[in-house]
Amino acid sequence: MSRALVIAWAAALSAPALAVQLHAQARWEVSVGASGAQEIVRSRPDTTRERRSGLVFTGEAVATRGRRLVARVRYGQGRVTADTGTPPSPRRNVVEGEALFGYKVRPWLTLWVGPHARTFVVTGLSDRRWLFWSGRATARGGLFPGVESFLELWQGFTGTLSRPAGSASGGGAEAGLELRLARRPLWARLGYRIEQGRANGGPRETVEAFTLTVGYVPLR
Amino acid sequence: MDPHRPETDRRMKRALPLLAALWLAALAAPPAAPAQTAAAALAQGVRAYDDLEFDAAAGLLRRALAAEGAAALPPADAARALIYLAATEFLRERPDSARAVARRLVLANPRFRPDELVFPPQVLTFYEEVRRTTPAVIARAPADTAIRPGTEALAVRLYASTFHDVTATLATEDGRVVRNLYTGPISDSLDLHWNGLDSTGTGSPPNGRYAITVTSRDRGRRVVRILRLPLEVVQGRVDTLPYPAPPADSLLLPERQPLGPALRVLAPGAIAGLAIAVLPSVVARNEDASGARFAVGGTVTIVGIVAFLSHHPGRSIPGNAAHNQTLRDAWRREVAEVARRNAERARGMVGIRAGAPVLLTPEGP
């Protein structure tokens with residue numbers, strides 16, 4: 042886990058350097074950000090219910106080429122502990138990430154496609170990973186100059202669960218507020234996210250997250 | 003052989019039909035025109051007067067004046083016959099008859115003056131006395147004219163027999179006065195002017211028949227004569243200018259902050275806030291979503307409401323209102339100008355046809 046975290050932060054830190062190179066090649070806009078999220082994970086592995094919560098830190102990078110093409114990469118890692126149950130179930134590490142390619146059909150609407158994964162790591166057990174290939178739509182609307190609200194909906198085309206192994210379905214949404222400073226290449230985002238994965242065998246996991254993200258736009 | 007003979011024959015052949023036509027016309031002509039008879043009677047009467055045969059002169063002159071219609075004497079000859087008849091009756095010592103004939107002459111032609119070389123002084127004095135005691139006017143007006151009401155005028159010249167007071171009005175056929183033209187004295191002549199407007203001075207009277215009535219009064223203010231000059235008034239066709247269209251909406255700026263932009267910033271905030279509230283029930287049914295999401299959704303919604311209010315929907319925009327007022331004022335000025343010019347055109351040319359004047363004497367001749 043620590044290795045993955047190092048890799049993530051290394052990627053986030055190397056993004057500006059990569060952005061400079063991209064900008065030199067074409068009309069790219071690159072934005073990077075780091076967020077902290079309070080995640081609440083509700084699991085129903087069978088008839089029981091478990092609720093865990095904890096902090097997850099995420100790094101992201103968004104590259105836009107021209108006015109239409111956009112790519113987004115997110116990687117996050119954290120830990121959730123049980124809020125219910127006696128004795129409490131062991132804590133879980135959470136690793137999640139996505140790699141999406143998008144197309145702006147309108148200035149305010151972007152359609153995405155790409156993989157999206159979340160893995161729960163418990164010591165002594167094999168990892169439990171949800172993997173979805175999803176399609177997404179993100180709509181944005183300006184409230185003030187530099188202030189936008191956004192709403193993103195996604196639905197998995199296909200998905201798998203590693204333990205118990207089987208196919209899965211899922212979907213989710215995210216909404217919130219984004220602020221871009223006018224004269225500085227900084228931005229911030231307040232968001233609420235909820236997603237649910239459902240395996241054919243019955244297990245179901247729902248993740249809520251309250252995120253606060255700050256970002257930097259090295260290239261514009 | 004005469005070389006000119008053929009040419010002479012041709013001329014004769016051309017003249018024969020012309021001579022025949024003249025002969026036929028002479029056969030078809032009346033034996034003697036009545037006017038010639040009246041004129042002959044006048045000439046014989048004048049000769050009889052010159053020969054001091056007053057009885058014969060009176061008869062011949064009365065016969066000359068008795069002719070009517072096409073046989074009547076022309077005005078100048080009628081006046082000549084009347085003055086000779088008046089002088090004849092005066093010299094026959096028939097003053098009443100002489101006075102009646104002289105008055106008839108005064109009324110027919112107030113400007114008539116007997117020839118001082120023809121008639122003796124006592125006749126001239128007698129006629130002058132009759133003329134002074136017979137107030138009357140005649141009118142001369144163009145038979146057909148056109149004026150622009152308000153700026154031009156119809157001129158009617160009045161000729162008076164003697165100094166007296168007159169009142170001139172323009173009236174309808176039924177006697178309703180349209181405009182007073184003159185009230186005051188007249189000596190020898192007077193020009194009446196009518197500018198084509200009614201008594202209000204704003205517009206022309208409608209098409210129709212009217213009359214200029216000149217009432218003559220004696221020294222006792224009694225109406226002794228009324229001259230009536232018929233007029234027919236015809237309005238000319240008026241082409242008015244179209245009124246300018248009001249300023250187009252595309253030129254006017256919104257005078258109040260529109261609601262649309264405010265709603266466009268409210269909607270994203272409200273939709274995102276609402277989505278945060280309801281999405282858990284859509285995405286994750288049968289799960290108890292955290293109530294903390296309402297804090298995020300409420301924040302987004304509040305920011306949207308603040309953005310909505312920041313646009314001040316419905317608040318007036320003084321600059322735009324002033325701009326629109328300038329446009330509207332300019333349009334109103336144009337409308338007023340067109341209205342003024344149309345009013346001028348509405349007082350366009352008016353045609354006036356004058357008829358034959360009629361002189362009425364309420365008290366009898």
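Chains as they are written, first to last, in the numbering used here: chain F, 42 to 261; chain L, 3 to 367. Glycine residues also receive a C-beta, built at the ideal position from the N, C-alpha and C atoms.
Note to self: Along the chain, where does the beta strand (DSSP E) containing R96 of chain L start, and where does it finish?
What the structure shows: The count along the second sequence starts at 1 and reaches residue 96 of chain L at position 94. Per DSSP, R96 of chain L belongs to no beta strand (DSSP E) and is neither H nor E.
Check: What span of residues does the beta strand (DSSP E) with I149 of chain L cover, start to end?
Finding: Looking up residue 149 of chain L in the second sequence gives position 147. Element bounds for I149 of chain L: 146-149.
Next item on the list: Could you say which of F:R83, F:F98, F:G100, F:T99 lies nearest to R92 of chain F if we only look at CA atoms?
Entry: Here the question's residue 92 of chain F lines up with position 51 in the first sequence. The candidate whose alpha carbon is nearest that of R92 of chain F is F:R83.
Note to self: I want to see whether chain L comes within less than 9 Å of S190 of chain F, judged by CB atoms only; does it?
What the structure shows: The sequence position of residue 190 of chain F within the first sequence is 149, counting from 1. Cβ-Cβ to chain L under 9 Å: yes for S190 of chain F.
Margin query: Taking beta-carbon pairs under 7 Å, can you tell me which members of the stretch 266-277 of chain L lie near chain F?
Written below: Of all residues in the stretch 266-277 of chain L, the ones placed with a Cβ closer than 7 Å to any Cβ belonging to chain F are V267, A269, P270, G271, I273, A274, A277, in chain order.
Next item on the list: Rounded to whole angstroms, what's the CA-CA distance from A345 of chain L to G205 of chain L? Just pull it up for me.
Entry: Translated into the one-based positions of the second sequence, residue 345 of chain L becomes position 343. Translated into the one-based positions of the second sequence, residue 205 of chain L becomes position 203. Rounded to whole angstroms, A345 of chain L to G205 of chain L spans 9 Å at the Cα level.
Notebook entry, point to check: T215 of chain L to L75 of chain L, Cα distance in whole Å?
Noted result: As a first step, residue 215 of chain L is located in the second sequence; it is residue number 213 there, counting from the start. As a first step, residue 75 of chain L is located in the second sequence; it is residue number 73 there, counting from the start. Going from the Cα of T215 of chain L to the Cα of L75 of chain L covers about 28 Å.
Notebook entry, point to check: Does the Cβ of A250 of chain F have 16 or more other Cβ atoms within 10 Å, making it buried, or fewer, making it exposed?
Noted result: The sequence position of residue 250 of chain F within the first sequence is 209, counting from 1. So A250 of chain F counts as buried.
Item checked: Straight-line gap, D241 of chain L to L194 of chain L (C-alpha atoms, nearest Å) -> By 1-based counting over the second sequence, the position of residue 241 of chain L is 239. By 1-based counting over the second sequence, the position of residue 194 of chain L is 192. Using only the alpha carbons, I get a separation of about 30 Å.
Check: Using a C-beta to C-beta distance shorter than 9 Å, which residues of chain L count as neighbours of F185 of chain F?
Finding: Position 144 of the first sequence, counted from the first residue, corresponds to residue 185 of chain F. Those within 9 Å of F185 of chain F in chain L are V267, V305, V308, A309, S312.
Item checked: Proximity test, Cβ basis, 9 Å: R258 of chain L and chain F -> Indexing the second sequence from 1 puts residue 258 of chain L at position 256. Output row for R258 of chain L: interface = no.
Notebook entry, point to check: Between the stretch 130-138 of chain F and the stretch 156-164 of chain F, do at least 3 Cβ pairs fall closer than 8 Å?
Noted result: yes
Notebook entry, point to check: With 16 other CB atoms within 10 Å as the buried threshold, where does R111 of chain L fall?
Noted result: For the purposes of this step, residue 111 of chain L is taken as the residue at position 109 of the second sequence. First, the residue type needs correcting, since residue 111 of chain L is Asn and not Arg in the sequence shown. Result: buried.
Note to self: Could you check whether the Cβ of G256 of chain F sits closer than 9 Å to any Cβ belonging to chain L?
What the structure shows: Position 215 of the first sequence, counting from 1, holds the residue named residue 256 of chain F. No, G256 of chain F does not count as interfacial toward chain L.
Margin query: So A264 of chain L contacts chain F; which residues on that side make the cut at Cβ distance below 8 Å?
Written below: Here the question's residue 264 of chain L lines up with position 262 in the second sequence. Correct list: empty, because the minimum Cβ distance to chain F is about 11 Å.
Check: Would you call A59 of chain L buried or exposed, if buried means 16 or more other Cβ atoms sit within 10 Å of its Cβ?
Finding: What you label residue 59 of chain L is simply residue 57 of the second sequence in a count that begins at 1. So A59 of chain L ends up on the buried side.
Check: Is P77 of chain L helix, strand or coil by DSSP?
Finding: If you number the second sequence from 1, residue 77 of chain L lands on position 75. Taken through DSSP and simplified to helix, strand or coil, P77 of chain L comes out as helix.
Margin query: Quick check on I278 of chain L: buried or exposed, where buried means 16 or more other Cβ atoms within 10 Å of its Cβ?
Written below: The sequence position of residue 278 of chain L within the second sequence is 276, counting from 1. Buried: at least 16 other Cβ atoms inside 10 Å.
Check: Nearest-angstrom Cα distance between T301 of chain L and L265 of chain L?
Finding: Along the second sequence, one-based indexing puts residue 301 of chain L at 299. Along the second sequence, one-based indexing puts residue 265 of chain L at 263. If I take the Cα positions, the gap works out to 18 Å.
Notebook entry, point to check: Do you know how far the Cα of D331 of chain L is from the Cα of L362 of chain L?
Noted result: Here residue 362 of chain L refers to the residue found at position 360 of the second sequence. Here residue 331 of chain L refers to the residue found at position 329 of the second sequence. Roughly 59 Å separates the two Cα atoms.
Next item on the list: Would you decide whether Y86 of chain L is buried or exposed? Buried here means 16 or more other CB atoms lie within 10 Å of its CB.
Entry: Against the second sequence, residue 86 of chain L aligns to sequence position 84. So Y86 of chain L ends up on the buried side.
Margin query: Is the separation between the beta-carbon of A102 of chain F and that of G74 of chain F shorter than 9 Å?
Written below: The residue given as residue 102 of chain F occupies position 61 in the first sequence. The residue given as residue 74 of chain F occupies position 33 in the first sequence. The answer is yes: Cβ separation under 9 Å.
Notebook entry, point to check: On the premise that I354 of chain L lies in contact with L233 of chain L, defined as a C-beta separation below 8 Å, what is that separation, rounded to the nearest angstrom?
Noted result: Reading the second sequence from its first residue, position 231 is the one you call residue 233 of chain L. Reading the second sequence from its first residue, position 352 is the one you call residue 354 of chain L. At roughly 6 Å, the Cβ-Cβ gap stays under 8 Å, so L233 of chain L and I354 of chain L are in contact.
Check: From D251 of chain L to S318 of chain L, what distance separates their C-alpha atoms?
Finding: Along the second sequence, read from residue 1 onward, the residue named residue 251 of chain L stands at position 249. Along the second sequence, read from residue 1 onward, the residue named residue 318 of chain L stands at position 316. One C-alpha to the other measures close to 17 Å.
Notebook entry, point to check: By how many angstroms is the C-alpha of A89 of chain L removed from the C-alpha of F121 of chain L?
Noted result: On the second sequence, residue 121 of chain L is found 119 positions in, with the first residue counted as 1. On the second sequence, residue 89 of chain L is found 87 positions in, with the first residue counted as 1. So the alpha carbons of these two residues sit roughly 8 Å apart.
Checklist line | Contact under 9 Å by Cβ, W174 of chain F with F191 of chain F | finding: Translated into positions along the first sequence, residue 174 of chain F becomes position 133. Translated into positions along the first sequence, residue 191 of chain F becomes position 150. No, they are not a contact pair.
Item checked: Min CB distance E249 of chain F to chain L below 9 Å -> Counted from its first residue, the first sequence places residue 249 of chain F at position 208. Cβ-Cβ to chain L under 9 Å: yes for E249 of chain F.
Item checked: Interface positions of the stretch 228-240 of chain F facing chain L (Cβ-Cβ less than 8 Å), listed along the chain -> Of all residues in the stretch 228-240 of chain F, L231, G232, Y233, I235, E236, Q237 have a Cβ within less than 8 Å of some Cβ in chain L.
Margin query: Could you tell me which whole beta strand (DSSP E) segments of length 3 or greater appear in the stretch 218-243 of chain F?
Written below: With a minimum length of 3 residues, the continuous beta strand (DSSP E) runs that stay inside the stretch 218-243 of chain F are 227-240.
Notebook entry, point to check: Counting contacts by CB-CB distance shorter than 9 Å, is T328 of chain L in contact with chain F?
Noted result: Counting from 1 along the second sequence, the entry for residue 328 of chain L is found at position 326. Not one chain F Cβ lies under 9 Å of T328 of chain L.
Check: If we ignore side chains and look at the alpha-carbon of each, how far apart do L29 of chain L and A73 of chain L end up?
Finding: By one-based count along the second sequence, residue 29 of chain L stands at place 27. By one-based count along the second sequence, residue 73 of chain L stands at place 71. Only weak support exists for where L29 of chain L lies, its pLDDT of 43 falling under 50; the coordinates are left without a value.
Next item on the list: Ignoring anything shorter than 3 residues or poking outside the stretch 319-357 of chain L, list the beta strand (DSSP E) runs there in chain order.
Entry: 352-356
Note to self: I need the straight-line Cα distance from S163 of chain L to S189 of chain L, nearest angstrom please.
What the structure shows: Locating residue 163 of chain L in the second sequence gives position 161, where the first residue counts as 1. Locating residue 189 of chain L in the second sequence gives position 187, where the first residue counts as 1. Rounded to the nearest angstrom, the two C-alpha atoms are 8 Å apart.
Checklist line | Close beta carbons around A50 of chain L, own chain, < 8 Å, minus the five adjacent residues each side | finding: Against the second sequence, residue 50 of chain L aligns to sequence position 48. Cβ within range, chain order: F56, A58, A59, L62.
Notebook entry, point to check: Going along the chain, which residues of its own chain have a beta-carbon closer than 6 Å to the beta-carbon of L254 of chain L, five neighbours each way excluded?
Noted result: Within the second sequence, residue 254 of chain L is the residue found at index 252, counting from 1. Correct list, in chain order: N326.
Check: Given A31 of chain L, which residues of its chain have a CB within under 6 Å of its CB, disregarding the five upstream and five downstream residues?
Finding: Within the second sequence, numbered from 1, the residue matching residue 31 of chain L stands at position 29. In this prediction, A31 of chain L has a pLDDT of 45, which is less than 50 and means its spatial position is unreliable; what the coordinates show is noted afterwards. For A31 of chain L, where only same-chain residues beyond five positions count, there are no Cβ hits under 6 Å.
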